[in-house]
Amino acid sequence: MLKVHNSLSGRREEFVPIKKGRVGIYVCGPTVYDWAHLGHARTYTAFDTIVSWLKHKGFSVMYIQNITDVGHLREDTGEDKIGKKSAEEKIHPMTLVEKYMREYFRDMDALGVERPGISPRATGHIIEMIEAVKKLIEKEYAYEVGGNVFFDVSKFKGYGKLSKINPEEMAAGTRFEVHPDKRHPEDFALWKKAKEGDPFKWPSPWGEGFPGWHIECSVMAGKYLGEQIDIHGGGRDLKFPHHENEIAQAEALTGKKPFVKYWLHTEFLTINGEKMAKSLGNYVTLRQVLERYEPDTLRFFFASTHYRSPIDYTEKNLEQAKRSLGSLKNSVMLLKRLKTGKGSDEEELEKEMKKAAEDFEKAMDDDFNTPGAIAALFEFSGRLNTFTSKNDSMSEELKSKILKMFDELGGILGLKLTEERKAGGEKLERAVELLIKAREELRKKGDWKASDDIRSELRKIGIALNDEKEGTSWKLE
Ligand code: AMP
Ligand code: ZN
Numbered sequence: 001m002l003k004v005h006n007s008l009s010g011r012r013e014e015f016v017p018i019k020k021g022r023v024g025i026y027v028c029g030p031t032v033y034d035w036a037h038l039g040h041a042r043t044y045t046a047f048d049t050i051v052s053w054l055k056h057k058g059f060s061v062m063y064i065q066n067i068t069d070v071g072h073l074r075e076d077t078g079e080d081k082i083g084k085k086s087a088e089e090k091i092h093p094m095t096l097v098e099k100y101m102r103e104y105f106r107d108m109d110a111l112g113v114e115r116p117g118i119s120p121r122a123t124g125h126i127i128e129m130i131e132a133v134k135k136l137i138e139k140e141y142a143y144e145v146g147g148n149v150f151f152d153v154s155k156f157k158g159y160g161k162l163s164k165i166n167p168e169e170m171a172a173g174t175r176f177e178v179h180p181d182k183r184h185p186e187d188f189a190l191w192k193k194a195k196e197g198d199p200f201k202w203p204s205p206w207g208e209g210f211p212g213w214h215i216e217c218s219v220m221a222g223k224y225l226g227e228q229i230d231i232h233g234g235g236r237d238l239k240f241p242h243h244e245n246e247i248a249q250a251e252a253l254t255g256k257k258p259f260v261k262y263w264l265h266t267e268f269l270t271i272n273g274e275k276m277a278k279s280l281g282n283y284v285t286l287r288q289v290l291e292r293y294e295p296d297t298l299r300f301f302f303a304s305t306h307y308r309s310p311i312d313y314t315e316k317n318l319e320q321a322k323r324s325l326g327s328l329k330n331s332v333m334l335l336k337r338l339k340t341g342k343g344s345d346e347e348e349l350e351k352e353m354k355k356a357a358e359d360f361e362k363a364m365d366d367d368f369n370t371p372g373a374i375a376a377l378f379e380f381s382g383r384l385n386t387f388t389s390k391n392d393s394m395s396e397e398l399k400s401k402i403l404k405m406f407d408e409l410g411g412i413l414g415l416k417l418t419e420e421r422k423a424g425g426e427k428l429e430r431a432v433e434l435l436i437k438a439r440e441e442l443r444k445k446g447d448w449k450a451s452d453d454i455r456s457e458l459r460k461i462g463i464a465l466n467d468e469k470e471g472t473s474w475k476l477e
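Encoded structure:
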């Protein structure tokens, strides 16, 4: 039985979709005005694994992840993220979002993230958003002043049920200048009047402007998944105000509760203990990291932590992930090298394999516990290593069963456990390991010069050795 932690109730609940056998899931997509960073990758790989697991359990999944290409304003300064960047780069906003949307897909493809079933763009749904805003005005949940339309939070009972923040507290906590036309500080924009000369605008009953960020998700989720959806996800920062506002808009529009049955939120990826964010300037782009690490090293790094716990990004943690994944892949490689025949204790090993698959399933059914799932794979790889050290052959049937298991279960976590490494990759690794061993010998003999020469020669061809207490690690530069 699959259990998920629902941010709405704050509890782990049995997962029962609205329609038997089918799951509709909506995850807030990126605002495409810059490169994707590791924080984005953390969230989107987590949902990739969640969707893969739902499919593995036999659900027919409709996965929607939007592309925010208009309307995302900074909460602190109220600046339009896309407008600002396109003015800086002196390009049309549509050129900017087109570029970064394509780069985003390239990055996610490289990470082995399966593309969502639909990636609707906000700019492609302006008509639907205008219709929704009109309806909210008719129902008196929204009001227009001078070309801007705001949602009146006081009209929506239950505002704050997801983030557990009450409107009075919110109003008191409003740190930023409040728009003078708002009835209450906590009201939020559904439609914004365009500024003079702004090229990104659409005609509407309230004059030329553009939609607010929150309305896009309520409208696109409703359009593709219906008035009530099974799962809605995003990073923890989106709980308030974005998701709170989505609930208010959607439930005000349809009169149906709840808009979302299960809310899932990922914790942050941090750097030096702080959330990695574009606005804080402390980000490392995915492209930078993928130049130095294999995509599945990153996937392993993410999956080693539960999606609701923070992950701290350090070079050392990535190196650790690389080593651990390497040892798992090594077990698979040794398995592949076994000759066809009959090994001793094959029955026992097959039992262990089945147990690993069950443990993997139990962990994933427990709110997608990926570290538990990885532990199950490691447990089995230990048994497998014992087997391969004692035997030089195995029956073809068992070998293919084990490879299939590694392939399927590893694939759910984005790991390519059975794939041969890139041409030369494995050989290169072995050669560098040999050189590291040779250096150790040289240093034992006190021949520091020869040891340093090896290091600097390797450096010249882009291989960096790092001598640490625990031994020497290396990476491609
Ligand atoms: P944005 O492009 O800023 O709208 O963010 C897109 C998604 O990435 C949202 O779900 C965010 O919550 C998520 N996200 C952004 N930064 C991080 C981070 N440091 N850790 C985890 N998720 C993040
Ligand atoms: Zn959203």
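Numbering-wise (the UniProt record's numbering), the sequence shown opens with residue 1 and increments by one.
The beta carbon of each residue, even a glycine, is placed where N, CA and C say it ideally should be.
Note to self: Which of the three DSSP states is assigned to Val260 in this structure?
What the structure shows: strand
Notebook entry, point to check: In chain order, what residues have a CB nearer than 5 Å to some heavy atom of the ligand ZN?
Noted result: Cys28, Cys217
Margin query: In whole angstroms, give me the CA-to-CA distance for Ser86 and Gly197.
Written below: 13 Å
Check: Should Met1 go down as buried or exposed, given a rule of 16 or more other Cβ atoms within 10 Å for buried?
Finding: exposed
Item checked: In chain order, each beta strand (DSSP E) run of at least 3 residues that lies wholly inside the stretch 30 to 112 -> Taken in chain order, the whole beta strand (DSSP E) runs of length 3 or more contained in the stretch 30 to 112 are 60 to 65.
Next item on the list: Please report how far the alpha carbon of Glu441 lies from the alpha carbon of Leu458, in whole angstroms.
Entry: 17 Å
Check: The beta strand (DSSP E) with Ala357 in it runs from where to where?
Finding: Element bounds for Ala357: not the beta strand (DSSP E) but the alpha helix (DSSP H), 346 to 365.
Notebook entry, point to check: With 16 as the cutoff for other CB atoms within 10 Å, does Ala122 come out buried or exposed?
Noted result: buried
Item checked: Contacting residues, own chain, Cβ-Cβ under 8 Å from Leu338 (five flanking each side not counted) -> Thr388, Asn391, Asp392, Ser393, Met394, Lys399
Item checked: Beta-ladder partner(s) of Ser154, from DSSP -> Paired residue(s): none; Ser154 is not in a bridge.
Item checked: Ala277: CB within 7 Å of a non-hydrogen atom of the ligand AMP -> yes
Notebook entry, point to check: Roughly how many whole angstroms lie between the Cα atoms of Ile127 and Lys135?
Noted result: 13 Å
Item checked: Own chain partners of Thr285 with C-beta closer than 6 Å, once the 5 adjacent residues on each side are dropped -> Trp35, His37
Notebook entry, point to check: Just the Cα atoms here: how many angstroms apart are Glu468 and Phe302?
Noted result: 24 Å
Checklist line | Proximity test, Arg292 beta-carbon vs the ligand AMP heavy atom, cut-off 7 Å | finding: Distance from the C-beta of Arg292 to the nearest heavy atom of the ligand AMP is not below 7 Å.
Note to self: Pull the bridge partners of Val145 from the DSSP assignment, please.
What the structure shows: Within the DSSP bridge table, the entry for Val145 names Asn148 as partners.
Margin query: Between Leu280 and the ligand AMP, is there a pair consisting of the residue's CB and a ligand heavy atom that are separated by less than 7 Å?
Written below: With a cut-off of 7 Å, the C-beta of Leu280 is classified as distant from the ligand AMP, since no heavy atom of the ligand falls inside that distance.
Notebook entry, point to check: Assuming Tyr44 contacts Ile229 under a Cβ cut-off of 8 Å, what Cβ separation, rounded to an integer in Å, is found between them?
Noted result: No, Tyr44 and Ile229 are not in contact; Cβ-Cβ is about 18 Å, not under 8 Å.
Check: Exposed or buried, Ser7, counting other C-beta atoms within 10 Å across all chains shown (16 or more means buried)?
Finding: buried
Note to self: Give me, in chain order, the residues of the same chain whose beta-carbon lies closer than 8 Å to that of Glu114; leave out the 5 immediate sequence neighbours on both sides.
What the structure shows: Asp48, Val51, Ser52
Margin query: Along the chain, where does the beta strand (DSSP E) containing His5 start, and where does it finish?
Written below: 3 to 6
Note to self: Mapping the DSSP letters down to three states, classify Pro310 as helix, strand or coil.
What the structure shows: coil
Notebook entry, point to check: What distance in whole Å lies between the Cβ atoms of Leu269 and Tyr313, which are believed to be in contact at a cut-off of 8 Å?
Noted result: 6 Å
Notebook entry, point to check: Arg12 bridges to which residues according to DSSP?
Noted result: His5
Next item on the list: Give every residue of the same chain whose Cβ lies closer than 8 Å to the Cβ of Ala423, excluding the five residues on either side of it in the sequence, and list them in chain order.
Entry: Caution is warranted here: a pLDDT of 49 is assigned to Ala423, below 50, making its placement in the model unreliable, and no coordinate value can be reported.
Check: Using the rule of at least 16 other Cβ atoms within 10 Å of the residue's Cβ for burial, across every protein chain shown, is Ile130 buried or exposed?
Finding: buried
Next item on the list: Using 7 Å as the cut-off, classify the Cβ of Gly77 as near or not near the heavy atoms of the ligand AMP, replying yes or no.
Entry: Correcting the residue type first, residue 77 is Thr in the shown sequence and not Gly. Not under cutoff, so the answer is no.
Item checked: Alpha-carbon spacing of residue 478 relative to Lys437, whole angstroms -> This structure leaves residue 478 out entirely; the chain is present only between 1 and 477.
Notebook entry, point to check: Can you tell me whether DSSP reads Gly234 as helix, strand or coil?
Noted result: strand
Next item on the list: Could you check what DSSP says for Ile374 in three-state terms: helix, strand or coil?
Entry: helix
Item checked: Exposure of Pro180, with buried meaning 16 or more beta-carbon neighbours within 10 Å -> exposed
Note to self: Looking only at its chain, what residues have a beta carbon closer than 7 Å to the beta carbon of Tyr63, apart from the 5 residues adjacent to it on each side?
What the structure shows: Ile25, Val51, Pro116, Gly117
Notebook entry, point to check: Quick one: what's Met394 bridged to in DSSP?
Noted result: Per DSSP, Thr340.
Check: So the beta strand (DSSP E) Gly209 belongs to, where does it begin and stop?
Finding: Its beta strand (DSSP E) spans residues 209 to 211.
Margin query: Using CA atoms only, rank isn't needed, just tell me which of Leu349, Glu350, Glu315, Thr297 is closest to Gly326.
Written below: Thr297
Checklist line | According to DSSP, residues forming a beta bridge with Ile271 | finding: The partner list for Ile271 (beta bridge, DSSP) reads Glu274.
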